[in-house]
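Residue 82 in full-length UniProt numbering sits at position 82 of the sequence shown; the count goes up by one each step and never skips. We put the beta carbon where it would ideally sit given N, CA and C, even for glycine. All values derive from a computational prediction rather than experimental measurement. In what follows, a structure is listed as structure tokens, so that the remarks can point back to it.
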Amino acid sequence: MKTYHADERGYYGEFGGAFIPEMLYPNCEELRQNYLRIMVDPSFQEEFHQLLKDYVGRPTPLYFAERLSEKYGTKIYLKREDLCHTGAHKVNNTIGQILMAKKLGKNRIIAETGAGQHGVATATVCALVGIECVVYMGEIDIARQAPNVARMKMLGAEVRPALSGSKTLKDATNEAIRDWINNPVDTHYIIGSVVGPHPYPDMVARFQSVISEEIKWQLKEKEGRENPDYVVACVGGGSNAAGAYFHYLDNPDVGIIAVEAAGRGIDSGESAATSALGKVGIIHGSKTLLMQTDDGQITEPYSISAGLDYPGVGPMHAHLFKSGRGEFISITDDEAMTAGLEVSQLEGIIPAIETSHAFAIFDYKKFKPDNIVVINLSGRGDKDLQTYIDYFKL
């Protein structure tokens, strides 16, 4: 049977794998050999789900957005990941990975972050279990996501600026990988998205799959059926999307819509729309679609949203795009900001700018009145208030 999940070598179709320097091989191999065994262990599952319930606040609600539904003439449900502790879905994965790190006997954690949500979620779980935490963050992102930097420091993490390249997420990831090469024995690298070498994309997707697991039973309660007609999520690296799609990947009755950041326009030279602009390449240890020049140099991505300006996309999403299983829509900064304001004023929920991209699809995609459309509301907009203030001159 055709599947859209990773195979045992970490490939989704032609994408994925582990393209890593020799120095990193032991780290990745240790994780690859152990991650599934640890994850299925009943005591691990029990601890993981207990923390998701009592610490993160799961299950998150599946909320029927009445006014939004009325405006767009279809049934719109919002999966409220913005209500997770720390304000986004990122904590589902960091809880899982910190427990994994403990099982592997690691006593130091490193992470990369763009918007800062993954950094905060990593610093949070390190404080929870009392493990040293270093977060790499691009200098530009540090400036535009100051509240999240303050949170990480309050939680006891050291925030190290990435000063090379575009000084954003890609460069923070490079720095984290260098650190890991230098500290292979005691350090676990918590990657925040479905990117990087195998087993990371699969492991992160599995930890985030709690999102679609909940959608299934919540929709059954509300509508008498487990399957929506469409699941919609924003995609940068793509962990919130992977979690929302996970249990629907192999179900052709459920449409998958991935929303990318077109920045100032797909052809503007300032964009992060990997599906439209990417070619097959290797970034951060995996083969995927990647924005690059003709001679293979990575193109600097741009988005008003600090969490979507990644030059590639996770291998699962590259495969969803290439195979036609997922429908990819690119949304500009202006469209996303307008959609974010609309959701705020129609539903009383201020979404993260990343998430706002997902709400901007209704001008591009028409749904039937009886369609059930689930949008993954991946994060709350508190961290983006300054950007909203500056944009709308509030």
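Around the Cβ of residue i, are there at least 16 other Cβ atoms within 10 angstroms (buried) or fewer (exposed)?
{"i": "isoleucine 389", "result": "exposed"}
{"i": "glutamate 347", "result": "buried"}
{"i": "arginine 9", "result": "exposed"}
{"i": "glutamate 81", "result": "buried"}
{"i": "alanine 111", "result": "buried"}
{"i": "threonine 74", "result": "buried"}
{"i": "valine 129", "result": "exposed"}
{"i": "serine 43", "result": "exposed"}
{"i": "leucine 68", "result": "buried"}
{"i": "arginine 37", "result": "exposed"}
{"i": "asparagine 27", "result": "buried"}
{"i": "proline 369", "result": "exposed"}
{"i": "glutamine 386", "result": "exposed"}
{"i": "methionine 316", "result": "buried"}
{"i": "methionine 1", "result": "exposed"}
{"i": "serine 212", "result": "buried"}
{"i": "phenylalanine 48", "result": "buried"}
{"i": "phenylalanine 367", "result": "buried"}
{"i": "tyrosine 364", "result": "exposed"}
{"i": "asparagine 251", "result": "exposed"}
{"i": "methionine 154", "result": "exposed"}
{"i": "glycine 16", "result": "buried"}
{"i": "proline 228", "result": "buried"}
{"i": "alanine 146", "result": "exposed"}
{"i": "residue 395", "result": "Lying outside 1 to 394, the shown extent of the chain, residue 395 is not represented and no answer is given."}
Going by beta carbon distance, what residues of the same chain come within less than 7 Å of residue i, once the five residues before and after it are set aside?
{"i": "residue 395", "result": "This structure gives no information on residue 395, because the portion of the chain shown stretches from 1 to 394."}
{"i": "leucine 249", "result": "Tyr4 and His5"}
{"i": "glycine 57", "result": "Leu83, Cys84 and His85"}
{"i": "methionine 39", "result": "Arg206"}
{"i": "asparagine 34", "result": "Leu104"}
{"i": "leucine 31", "result": "Pro199"}
{"i": "lysine 106", "result": "Asp186, Thr187 and His188"}
{"i": "isoleucine 20", "result": "Cys28, Pro197 and Gly285"}
{"i": "lysine 220", "result": "Glu226"}
Over the uninterrupted alpha helix (DSSP H) stretch that includes residue i, give me the two end residues.
{"i": "serine 239", "result": "239 to 245"}
{"i": "residue 467", "result": "This structure does not reach residue 467, given that the chain is present from 1 up to 394, and the question cannot be answered."}
{"i": "lysine 222", "result": "210 to 223"}
{"i": "residue 435", "result": "Only positions 1 to 394 of the chain appear in the structure, and residue 435 is not among them; the question remains open."}
{"i": "alanine 336", "result": "333 to 347"}
{"i": "proline 147", "result": "146 to 154"}
{"i": "cysteine 126", "result": "117 to 129"}
{"i": "leucine 290", "result": "No alpha helix (DSSP H) holds leucine 290; the beta strand (DSSP E) holding it covers 286 to 290."}
{"i": "lysine 170", "result": "169 to 182"}
{"i": "glutamate 354", "result": "353 to 359"}
{"i": "threonine 113", "result": "Not the alpha helix (DSSP H): threonine 113 falls in the beta strand (DSSP E), residues 108 to 113."}
{"i": "isoleucine 375", "result": "Looking at the DSSP string, isoleucine 375 is not in any alpha helix (DSSP H); the run it does join, the beta strand (DSSP E), is 372 to 377."}
{"i": "tyrosine 391", "result": "385 to 392"}
{"i": "alanine 276", "result": "274 to 277"}
Return the first residue and the last residue of the beta strand (DSSP E) that residue i is part of.
{"i": "histidine 188", "result": "187 to 190"}
{"i": "proline 161", "result": "158 to 162"}
{"i": "phenylalanine 64", "result": "62 to 64"}
{"i": "methionine 137", "result": "132 to 138"}
{"i": "alanine 318", "result": "It is not in any beta strand (DSSP E) - alanine 318 instead sits in the alpha helix (DSSP H) that spans 315 to 323."}
{"i": "glycine 255", "result": "255 to 263"}
{"i": "alanine 6", "result": "No beta strand (DSSP E) contains alanine 6, which DSSP labels as neither H nor E."}
{"i": "tyrosine 230", "result": "230 to 234"}
Any beta carbon of chain D sitting closer than 9 Å to that of residue i?
{"i": "proline 311", "result": "Going by chain labels, chain D is absent from the structure shown, which holds only one protein chain."}
I'd like the list of long-range same chain contacts for residue i, defined as Cβ closer than 6 Å, with 5 residues on each side in sequence excluded.
{"i": "isoleucine 266", "result": "Ala273, Ala276 and Ser330"}
{"i": "glycine 113", "result": "As written in the sequence, residue 113 is threonine, which differs from the glycine given in the question. For threonine 113, where only same-chain residues beyond five positions count, the Cβ hits under 6 Å are Gly119, Val135 and Met137."}
{"i": "valine 232", "result": "Ile257, Ala358 and Ile375"}
{"i": "serine 164", "result": "Asp171"}
{"i": "residue 404", "result": "The displayed coordinates of the chain run from 1 to 394. Any statement about residue 404 would go beyond what the structure contains."}
{"i": "tyrosine 12", "result": "Ala6, Pro315, Met316 and His319"}
{"i": "glutamate 132", "result": "Arg108"}
{"i": "proline 59", "result": "Glu214"}
{"i": "glutamate 327", "result": "Ile257"}
Check the C-beta distance from residue i over to residue j and give it rounded, since I have them as a contact under 8 Å.
{"i": "alanine 123", "j": "alanine 157", "result": "4 Å"}
{"i": "alanine 65", "j": "tyrosine 55", "result": "Actually they do not touch by this definition, with Cβ atoms about 27 Å apart."}
{"i": "isoleucine 353", "j": "aspartate 334", "result": "About 12 Å separates the two Cβ atoms, so there is no contact after all."}
{"i": "valine 254", "j": "valine 235", "result": "Incorrect: roughly 17 Å between the Cβ atoms, too far for contact."}
{"i": "leucine 51", "j": "lysine 79", "result": "20 Å between Cβ atoms; not a contact."}
{"i": "alanine 339", "j": "alanine 360", "result": "4 Å"}
{"i": "isoleucine 98", "j": "valine 125", "result": "4 Å"}
Ordered along the chain, which non-local residues of its own chain (more than five positions away) have a Cβ less than 8 Å from that of residue i?
{"i": "serine 344", "result": "Ile350, Pro351 and Gly381"}
{"i": "serine 239", "result": "His89, Lys90, Asn93, Gly192, Ser193, Val194, Val204, Ala205, Gln208 and Gly314"}
{"i": "proline 184", "result": "Met23, Leu24, Pro26 and Asn27"}
{"i": "glutamate 14", "result": "Val280, Lys287, His319 and Lys322"}
{"i": "isoleucine 283", "result": "Lys170, Val195, Leu290, Ile298, Pro311 and Gly312"}
{"i": "glycine 263", "result": "Glu270, Ser271, Ala272, Ala273, Pro301, Tyr302, Ser303, Ile304, Asp309, Thr332 and Asp333"}
{"i": "arginine 160", "result": "Val134, Val135, Tyr136, Met137 and Glu175"}
Problem set entry | Start-end ranges of the beta strand (DSSP E) lying completely within the segment 76 to 106, minimum 3 residues | none
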